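Enquirer: Its first residue numbered 2, the sequence shown is counted upward by one per residue in my numbering.
Idealized CB from N, CA, C, for every residue including glycine.
Predicted, not measured: the structure shown is a model, and the values here were computed from it.
Structure in structure tokens, see below.
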Amino acid sequence: MQSKLSLAGRLAKKFMDHKLTPILVVFGIFLGSVALYLTPAEEDPQIPITMVHISTDFVGASASEVEMRVTIPLENFLSKVSGVKHIYSKSSQGSSSISLEFHLGEYNTQSVFKVYEVIHERIGKLPSNITQPIITAMEIDDVPSLVYSLYSETNNYSRTQLKQFAQSLKVSLSQIKDIRHTDIITGVSPAVRISLDTHKMAFLGIDSQVIKQKIQAENSSSYLLKDIQNNKINEIWIGEYLESDNIERLENLLVGFKNKNPIYFKDVTKEIKLTNELADSYVNYYKNGKSHPSVTLTVAKKPRTSAILLEKDVRYILEDEMKRYLPQDLKLDITRNYAKSASSKVSHLTQKLLIVIGVVMLLVFITMGYRFAVIVAISTLVTLALTLFASMVMGFTFNQVSLFALIFSIGILVDDAIVVVENVHRYQLKSNESLRAIIPKAISEVGQPTIIATLAVTITLLPMVFVTGLMGPYMSPIPINASVGMLISLIIAFTVTPWLLYKFSAKHSTKSIEKEDSLNFFIFLNMFFLKTKFRQLFLILIITGMVFSSFLLVSNKLVLLKMLPHDNKVEMQLEVKLPSGSALETTKRLLNKIALDLSIIPEISSQQVYAGRSGPINFNGMVRSYQVRRGQHKGDIQISLTPKSMRKRSSHEIAGEVRKIVSKYLNEATIKTVEVPPGPPVLSPILAEVYGHNTRELKKLTRKVESYFKDTEGICDIDTKLVEDRVKSIIVIDAKKSERYGISIHEINQHIKALSSEKIGYIHNAKSIDGIPIIMSLKDSEKSIDSLLHSQIKGIFLYELVEIKEKNIEAKIYHKDRRKVNYVSADVLGENESPLYGMFEISQKIKDIEQHFISTPLNINAQIKWSGEWKITYETFRDMGLAYLVGIIFLYLLLINQYNSYLVPLVIMSPIPLTIIGVLPGHYFYGSAFTATSMIGMIALAGIIVRNSVLLIDFIQDKEKEGFSTDEAVLQSVKIRTKPIMITALTAVLGSLFILSDPVFEGMAISLISGVFIGTILTLLVIPILYKLTSSNQLSK
């Protein structure tokens, strides 16, 4: 009597000769081609994180007053904004800066609108003399994907000229629709500098306010009337604006009389000139050991656009502009090209993807012949094409994570097709029936366990989607694409594969049945252990001991725990901070010395030096708020490395040499070597948030914690937010004296302001996008408090009207989530280059301060909250562990539903913990840390290993129903199922081999290779033995 076909068998019977099936094959491949063409390519996944910055000036207020009257009220208002995750603030003399970090998924526009709405409604509750809060938002798409340095090798052009050339390039790029924004980083601008001669002004009786009023009157023009004559309109204007080519008019400007003799402007000034070097920061470009003044041009792309296509458009326009309109001796070097790295990564991984498919097909060819290899290849191609299309529809891009997910998935995507093909092949060997009869029966037999096995893999992978923090969306392509691919592969295995088998497989096999059914090594092992219960228990005891012994590798630090290993990047950064109060020129000199020293490293192709500000931000810089990093004592060096193919050392190894070279400058400045993180960034690898009751206590605590950092071996790049005490001079006006001399306080203030680089107007210049200011001040060499005091106002020396007081500048006050905080940050070097071990070593030394590792301190006592890489590592491993547990629970429920038993699912799942025997020793022998990607590999292992168990148990129970004894059923199962299990295991291993060379994903590869290898071997031993041991305990109960 013919047995009833399962769902899989019925699908196979329907589609194996259906006219629609080949159309579906062609349509599936077409959809995959569409996805290949339309899916944007980029280097890393786009994480939907939004940062909003609010800056407010409160002139004259101390840091404490700014904190109490501006920062705290704003923090209270902003804490009510929905979607805000953290509030960071900095209160300094005269200004407040607040940064809001929103939860993932909060969109930029909505976030800015909510912040604006809250501030606008409550602005009346803030001091009336503060400036209007400036709100700026930044998200991942604001990070420039292209950065260019414009310079001249002969240094023939001023910085202002370079800026004008860059502005013309920026205008030309505006026609590209996929550009989100372009920016120019230069720090310099043209200005009309008027250097007053205070001695001559005093002698001639001319004060600064008169000069200011005269200049403003000279630089004015207004419409008077229209004169109509002979049917023509003639506009009449009064006055003429100053322009860049007629500023000499100022020299002969009449400003007053003395003894009836005219006094001209040139009589009371030392210099009137249009200067091109008014700088609040400097940008230099180092190449081949030489420094060049430069301008940086950055390009950011719109969301969901291809970085590769954008770079082609930008390159075409820039090359055309450089050839046709700009001087020939100008150079434009690209110093950041995420399009190139994305293209290289995509091409490299695509090649690996094709090689993996080819290797898997070779395996099938060796084990089952070329016809079956072709069938599996076409099934895999259709599956992959539809997976690519589904990935595009779900909004994923081509990036290193999504492509690694596909490479990893190949090993399991082919499993369904291989199991189906292998069983049809086996049926052919033992039956003389036609293919039309064989295919539905063979697929029906393995259909149910294949469905359960596929669902098992999917169930274990999908909970990873709910990993929180930045790591969740970063790694989300792996569980989602792999799960969707598995479900698609299941459908293809029951529809397209039967059609391919029916159309292309040989009608009869030429191999002998005896050869296919010959005993294998695992049968001998099972026969040995099935003989006595003692042998069975002894084997289980040995395996259990091996599991626990494997954990000793972690506890003894033979296998380190780390978030992610260092990647091999093409860029890094030096963050330099001199003592607060250092002049911009001092910062510039130190940065140039460092850059010159680093030029000896052969792998460094160029350096971009930024004095007074940060360089173009990357994702790491966005999270660390580098975009608001300003100050004359601060600077950055962006280091570009040669391509990976042209150097032997990794970027991490080069960073080690950079640290050694710059170490001699650590007595002059704090210098951090910042590597591009391999995954989601953190504020610092090691970060201690120090909380205290008041500013004085907090400073003392911070210094104490800093000392523990310094006393710990292997800790480097130590930094705090503390600054050395500084003194400021305050000019205090004597109201009584000023009233006696008939000079108002307002007039004195305006006089002082006029001599302190006051902008008193702008001149017109069509070539400059920015206005050219007119700046009146003392000459740079004479800018001192003494020169100011010896200036005159209405014939009275300023020192007679004021007195000078000195006062300490109050340190900046930091808050996190509305609590006073300071930070101690560091990185780690040495054998244990995992920040976790450095952090715990420091924490063990701190005995007298309360420490928090997970929870946030709630009271006002002195406390430390450990953050940095520890926080994201803890959250990621916690969430992945929970995802693992949830996957195991749902897998158990699925198996209970399938087998109507509590015990059988436990037997099926028993090999899951045994994979530890492969995973941890695998990391030890490979010399690799156990990372987040290693954990992903372990989670995937659970489904892959259970798949093998299901195939074994299902076959055992089928044989028992046919009347076989348990021992006979077990041996038959091992004999028949070893081949497909070994083939699918080998495909998973082969797929993983091609991601082993990547430093970030090697952990996942090691877990899969070693785990599948050991897990498969133990599955073929442990499942039969446990089934035998428990068979007497009524498995169905």
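What is the residue span of the beta strand (DSSP E) that residue 868 lies within?
Expert: Looking at the DSSP string, the run of the beta strand (DSSP E) that includes residue 868 is 864-869.
Enquirer: Whole angstroms are fine: how far does the CA of residue 911 sit from the CA of residue 1024?
Expert: Their backbone Cα atoms lie some 8 Å apart in a straight line.
Enquirer: Counting along the chain, where does the alpha helix (DSSP H) carrying residue 546 start and finish?
Expert: It spans 534-556 - the alpha helix (DSSP H) in which residue 546 sits, taken as one unbroken run.
Enquirer: Could you spell out the range, first to last residue, of the beta strand (DSSP E) harbouring residue 180?
Expert: 180-186 is the extent of the beta strand (DSSP E) around residue 180.
Enquirer: Please state if the CB of residue 123 and the CB of residue 458 are separated by a distance shorter than 8 Å.
Expert: Result no, Cβ atoms of residue 458 and residue 123 do not sit closer than 8 Å.
Enquirer: By the DSSP assignment, the alpha helix (DSSP H) with residue 844 in it spans what residues?
Expert: 836-846 is the span of the alpha helix (DSSP H), which, as asked, contains residue 844.
Enquirer: Bridge partners for residue 137 per DSSP, in chain order?
Expert: According to DSSP, which records beta bridges pairwise, residue 137 is partnered with 54.
Enquirer: Who does residue 210 pair with in a DSSP beta bridge?
Expert: Beta-bridge pairing links residue 210 to no other residue.
Enquirer: Quick one: is residue 1018 buried, meaning 16 or more other Cβ sit within 10 Å of its Cβ, or exposed?
Expert: Residue 1018 comes out buried.
Enquirer: Under DSSP, the beta strand (DSSP E) around residue 827 begins and ends at which residues?
Expert: Start and end: 820-829.
Enquirer: Kindly indicate which three-state DSSP category residue 25 falls into: helix, strand or coil?
Expert: Looking at residue 25 - three-state DSSP - the assignment turns out to be helix.
Enquirer: Anyone know if the C-beta pair for residue 216 and residue 640 falls short of 8 Å?
Expert: No, the Cβ-Cβ distance between residue 216 and residue 640 is not below 8 Å.
Enquirer: Would you kindly check if the distance between the Cβ of residue 460 and the Cβ of residue 830 is under 8 Å?
Expert: For residue 830 and residue 460, no; Cβs fall outside 8 Å.
Enquirer: Cα separation between residue 913 and residue 901?
Expert: Roughly 21 Å separates the two Cα atoms.
Enquirer: Please classify residue 828 as buried or exposed, where buried requires at least 16 neighbouring CB atoms within 10 angstroms.
Expert: Buried.
Enquirer: Determine the contact status of residue 296 and residue 163, defining contact as a CB-CB distance below 8 Å.
Expert: In this structure, residue 163 lies closer than 8 Å to residue 296 by Cβ.
Enquirer: For residue 777, which of helix, strand or coil comes out of DSSP?
Expert: If DSSP states are grouped into helix, strand and coil, residue 777 belongs with the strands.
Enquirer: Compare the C-alpha of residue 759 against each of 399, 27, 107 and 194 and name the closest.
Expert: Cα-wise, what sits closest to residue 759 is 194.
Enquirer: Using only alpha-carbon positions, find the residue among 943, 299 and 144 that is nearest to residue 622.
Expert: Nearest C-alpha to residue 622: 144.
Enquirer: Have a look at residue 21 and residue 356 and give me their C-alpha separation to the nearest angstrom.
Expert: Between residue 21 and residue 356, the C-alpha separation is close to 31 Å.
Enquirer: Looking at the structure shown, is residue 324 part of a helix, part of a strand, or coil, going by DSSP?
Expert: Residue 324: helix per DSSP, three-state reduction.
Enquirer: Quick check on the DSSP output: the alpha helix (DSSP H) that includes residue 474 runs from which residue to which?
Expert: Taken as a continuous stretch (DSSP letters only), the alpha helix (DSSP H) holding residue 474 covers 472-476.
Enquirer: Quick one: which unbroken alpha helix (DSSP H) runs of 4-plus residues sit fully inside the region 602-686? Chain order, please.
Expert: Counting only runs of 4 or more, we get 620-624 and 652-663.
Enquirer: Report yes or no: do three or more beta-carbon pairs, one from the region 339-359 and one from the region 387-406, lie closer than 8 Å?
Expert: Enough Cβ pairs lie closer than 8 Å, so yes.
Enquirer: Looking at C-alpha atoms only, which residue of 717, 643 and 629 is the closest neighbour of residue 664?
Expert: If we check each option's Cα against that of residue 664, 717 comes out closest.
Enquirer: If you run the structure through DSSP and keep just helix, strand and coil, what is residue 401?
Expert: Helix, per DSSP.
Enquirer: By Cβ distance, which residues of its chain are closer than 8 Å to residue 802, with the 5 residues on each side in sequence left out?
Expert: Excluding residues within five positions, the ones whose Cβ falls inside 8 Å are 734, 735, 738, 739, 742, 744, 749 and 794.
Enquirer: Hey, quick one: how far does the alpha helix (DSSP H) through residue 121 stretch, first residue to last?
Expert: Run containing residue 121: 109-123, per the alpha helix (DSSP H) assignment.
Enquirer: Among residues of its own chain, excluding the 5 on either side of residue 200, which ones have a beta-carbon nearer than 7 Å to its beta-carbon?
Expert: Cβ within range, chain order: n/a, list empty.
Enquirer: Leaving out five residues on either side along the sequence, give the residues of the same chain with a beta carbon under 8 Å from the beta carbon of residue 950.
Expert: Taken in chain order, the residues that qualify are 908, 909, 910, 911, 912, 1020 and 1024.
Enquirer: How many whole angstroms separate the CB atoms of residue 582 and residue 727, which I take to be in contact at a CB cut-off of 8 Å?
Expert: Confirmed, about 5 Å.
Enquirer: For residue 931, which three-state DSSP category applies?
Expert: Looking at residue 931 - three-state DSSP - the assignment turns out to be strand.
Enquirer: Among 220, 684, 255 and 252, whose alpha-carbon lies nearest the alpha-carbon of residue 239?
Expert: The shortest C-alpha separation from residue 239 is found at 220.
Enquirer: Here's the rule I'm using: 16 or more other beta-carbon atoms within 10 Å means buried, otherwise exposed. How should residue 512 be labelled?
Expert: Confidence in residue 512 is poor, its pLDDT being 47 and thus under 50, which makes the residue's placement unreliable; the coordinate value appears in the next sentence. It is exposed - the Cβ of residue 512 has fewer than 16 other Cβ atoms within 10 Å.
Enquirer: Is residue 1012 near residue 920, with beta carbons less than 8 Å apart?
Expert: It is a contact, given that the beta carbons lie within the stated cut-off.
Enquirer: For residue 405, which option in 998, 274, 866 and 923 has the closest C-alpha, if you only look at C-alpha atoms?
Expert: Among 998, 274, 866 and 923, the Cα nearest to that of residue 405 belongs to 998.
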